[in-house]
Amino acid sequence: MQPDELDLITRDEAPILETMRSIYSAIPMHHLAAIHGKIAGAMVVANAIKDALPLIHGPVGCAFQRKLNPFTLSSTFYDSPCTNLNNVDVVYGAEEKLSRAIVESYEKYSPGLIIVITTCTTDLIGDDIPSAVLKAKEKVGCEVIYSTGDSVGKSRPVGIQDSLYAMADQLICREDVERNEGSVNLINSPTQRNANKLLEMADLLSQMNIKINKVCFDHTTTKDMLDLAKADLNVIGYRMSWAELMKKRMGTEYCQITGWHRYNQKKDPETISPYGLAGSTRVLKEIAQIMGKEGEAESVIEKSRTAVQLKLQSASKELQGLKVAVPVGFSLNLLKDIGVDVAALIYRTQTLTHGVTDRAIQEIERANLGLAEIYDYHPELLINPTPKEELESFKRLKIDLVVAPVKIAHFYNREGFRTVDVNEFAQTEMSVGFLPSLKLCRVFREAMGKVRVRSPLLDLMEFDEGISNLTPHWARIALSFHHLRSTKFSQSSYYHFHGLAGVALNEHNI
Numbered sequence: 058m059q060p061d062e063l064d065l066i067t068r069d070e071a072p073i074l075e076t077m078r079s080i081y082s083a084i085p086m087h088h089l090a091a092i093h094g095k096i097a098g099a100m101v102v103a104n105a106i107k108d109a110l111p112l113i114h115g116p117v118g119c120a121f122q123r124k125l126n127p128f129t130l131s132s133t134f135y136d137s138p139c140t141n142l143n144n145v146d147v148v149y150g151a152e153e154k155l156s157r158a159i160v161e162s163y164e165k166y167s168p169g170l171i172i173v174i175t176t177c178t179t180d181l182i183g184d185d186i187p188s189a190v191l192k193a194k195e196k197v198g199c200e201v202i203y204s205t206g207d208s209v210g211k212s213r214p215v216g217i218q219d220s221l222y223a224m225a226d227q228l229i230c231r232e233d234v235e236r237n238e239g240s241v242n243l244i245n246s247p248t249q250r251n252a253n254k255l256l257e258m259a260d261l262l263s264q265m266n267i268k269i270n271k272v273c274f275d276h277t278t279t280k281d282m283l284d285l286a287k288a289d290l291n292v293i294g295y296r297m298s299w300a301e302l303m304k305k306r307m308g309t310e311y312c313q314i315t316g317w318h319r320y321n322q323k324k325d326p327e328t329i330s331p332y333g334l335a336g337s338t339r340v341l342k343e344i345a346q347i348m349g350k351e352g353e354a355e356s357v358i359e360k361s362r363t364a365v366q367l368k369l370q371s372a373s374k375e376l377q378g379l380k381v382a383v384p385v386g387f388s389l390n391l392l393k394d395i396g397v398d399v400a401a402l403i404y405r406t407q408t409l410t411h412g413v414t415d416r417a418i419q420e421i422e423r424a425n426l427g428l429a430e431i432y433d434y435h436p437e438l439l440i441n442p443t444p445k446e447e448l449e450s451f452k453r454l455k456i457d458l459v460v461a462p463v464k465i466a467h468f469y470n471r472e473g474f475r476t477v478d479v480n481e482f483a484q485t486e487m488s489v490g491f492l493p494s495l496k497l498c499r500v501f502r503e504a505m506g507k508v509r510v511r512s513p514l515l516d517l518m519e520f521d522e523g524i525s526n527l528t529p530h531w532a533r534i535a536l537s538f539h540h541l542r543s544t545k546f547s548q549s550s551y552y553h554f555h556g557l558a559g560v561a562l563n564e565h566n567i
């Protein structure tokens, strides 16, 4: 049957339909099929260094996969040359081809660093990658390293850890380095290239007479990476294998500010989060102790903390006793600082089952409840609630504000609940220091000042009963991928994975 027989318009009559069809067909690839493998992780590292160039050693499809299937439409990795292996190369080896590709890439792009990223194909055929790289380095005027994915096993984030380890092993760790005595490196994740998050921390350390050697990653260059070797201490956000290697090879100490290793030592839930007034005080004192600056630290910390506390007293008056519902994973330290009452904790375990044991999931629950008790919170814990159960609990508890991303806020808004999205705060503001507490206070005040919206436009759409932030069509696709990925995924999990009140867990919580 022809379109005109159905009283519909054709594509020629409405070209926009073809455009919309193209966009629509690409969406599941971006959000549902993106594979966080070693190639993707290595390319994230390359992308975080301004003058670095990724060179993918494998078939052309391996290089194009990240363009066909990027994590977001804005991260397409425009320059990603490839050795373009074929069947002959697989049989006879491709070391010469790799050496030529390194030289050609340098001549075309003039990078400061080339990161050779091996693929499944080259890993299987057993090319001598180190020899090929060494041969090519003699012909180019830049640094060349290689990442095979073998250095750190399955350490997460996959690919990122291995590439950074390769960088430390082949580039940073070296002899006869001129040290910048009494200095530290402040290092965040290459996925969060935002030095602004570290400004207050850097300022406080400087006031303690602790010098800042480098801040990574933010407009970082190859030279900046080389200069990391000059510092006495690496301050890292989570466990980084390359920091451990720098300590082993160069004696550079490291301070991991987040991580369950602290909790496991003393079973003290207050040691888990480095954020808020209490967490930041602890971390700053620890760094000062390592650097031998305890005396200077006391006065600096006390002065800055007191100043923020005075501002919080007036800024948080209208938030005192406000009943909030919060997903497990967001820092309770910060919520304590602004005076709200955590009346409900939502714990969604399904997203953790891919890489965390059941025992660890239970330990996360115990730690968060323990921290809530310390802060005199008495929340109701909702473990994998259905949408109906969640809303019924919120109404019974008389929740004033729900911490939820904006994309699912309509689910709560239509029931009369105000929502606050803390994802942007977590990405751009949440860091060691005292100002984040004040900034979070403003975020909550703005949320409470907004008019209640009971009829959001998104209510015009039909949403799936099980995965309530997706339409039935996308819910079926999402469910298919989760069935494929998880051996623990069962039909009962379908009603648990609806992504409500979701805040991405920080690396140290996983």
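First residue of the sequence shown? That's 58 in the working numbering, and the numbers climb one at a time after it.
Every residue gets a Cβ at the ideal spot worked out from N, C-alpha and C, and that includes glycine.
Asked	Found
Is the beta carbon of Leu341 less than 8 Å from the beta carbon of Leu283?	no
Measuring alpha carbon to alpha carbon, tell me which of Asp207, Ala151, Cys199 ends up nearest Ser162.	Cys199
Rounding to the nearest angstrom, what Cα-Cα distance links Leu302 and Cys273 in this structure?	17 Å
Is the separation between the beta-carbon of Ile269 and that of Ala259 shorter than 8 Å?	yes
Using only the alpha-carbon positions, how far apart do Ser356 and Leu261 sit?	11 Å
Using the beta-carbon count (16 or more within 10 Å), is Lys154 buried or exposed?	buried
Per DSSP, which one or two residues make a beta bridge with Ser240?	Lys268
Can you give the Cα-Cα distance for Ser240 and Lys287, rounded to whole angstroms?	8 Å
Can you tell me whether DSSP reads Ser82 as helix, strand or coil?	Reliability of the predicted coordinates at Ser82 is poor, the pLDDT of 42 falling under 50, and the value obtained from them is presented with this limitation in mind. Ser82 falls in the helix class under three-state DSSP.
Flag this pair as yes or no: are the beta carbons of Ala585 and Pro111 separated by less than 8 Å?	This structure cannot speak to residue 585, because the chain is shown only from 58 to 567.
Where does the unbroken beta strand (DSSP E) through Leu290 begin, and where does it stop?	290-293
From this set, Asp289, Gln366, Leu458, which residue's C-alpha is nearest Gln346's C-alpha?	Asp289
How far does the alpha helix (DSSP H) with Arg509 in it extend, from its first residue to its last?	Where Arg509 is concerned, there is no enclosing alpha helix (DSSP H), given that its DSSP letter is neither H nor E.
Applying the 10 Å Cβ sphere with the 16-neighbour rule, what's the burial state of Gln218?	buried
Just the Cα atoms here: how many angstroms apart are Leu536 and Glu238?	54 Å
Using only the alpha-carbon positions, how far apart do Leu438 and Val365 sit?	31 Å
With DSSP as the reference, identify every bridge partner of Ala354, one or two as the case may be.	Beta-bridge pairing links Ala354 to no other residue.
Between Gly143 and Val117, what straight-line distance do the alpha-carbon atoms span, to the nearest angstrom?	Position check: residue 143 holds Asn in this sequence, whereas Gly was assumed. Rounded to whole angstroms, Asn143 to Val117 spans 9 Å at the Cα level.
By the DSSP assignment, the alpha helix (DSSP H) with Asp394 in it spans what residues?	389-395
Suppose the cutoff is 6 Å on Cβ atoms and the five residues either side in sequence are ignored; what does the same chain contact list for Val500 look like?	Phe482
Kindly indicate which three-state DSSP category Val479 falls into: helix, strand or coil?	coil
So what's Gly94 in DSSP terms, helix, strand or just coil?	coil
Can you check whether the CB of Tyr432 is closer than 8 Å to the CB of Lys393?	yes
With a threshold of 6 Å on Cβ separation, who are the neighbours of Tyr203 within its own chain once the five nearest residues in sequence on each side are excluded?	Val173, Ile186, Val190
Identify, in the order they occur along the chain, each residue of the same chain with its Cβ nearer than 7 Å to the Cβ of Ser246, setting aside the five sequence neighbours on each side.	Gly294
To the nearest angstrom, how far is the alpha carbon of Gly169 from that of Gly349?	36 Å
Is DSSP giving Glu343 helix, strand or coil here?	helix
Looking at the unbroken beta strand (DSSP E) that takes in Val399, where does it start and where does it end?	398-404
Does the Cβ-Cβ distance between Val197 and Tyr332 come in under 8 Å?	no
First and last residue of the alpha helix (DSSP H) that includes His318?	317-323
Based on DSSP bridge pairs, tell me the residues matched to Pro111.	Ile172
If you draw a straight line from the alpha carbon of Ile456 to that of Ile403, how long is it in whole angstroms?	13 Å
In angstroms, rounded to a whole number, what distance separates the CA positions of His318 and Gly206?	25 Å
May I ask you to report which of helix, strand or coil DSSP gives Pro462?	coil
Could you compute how far the alpha carbon of Arg157 sits from the alpha carbon of Val147?	16 Å
Using a Cβ-Cβ cut-off of 7 Å (strictly less than) and excluding sequence neighbours within five positions of Phe474, which residues of its own chain qualify?	Phe451, Ile456, Val459
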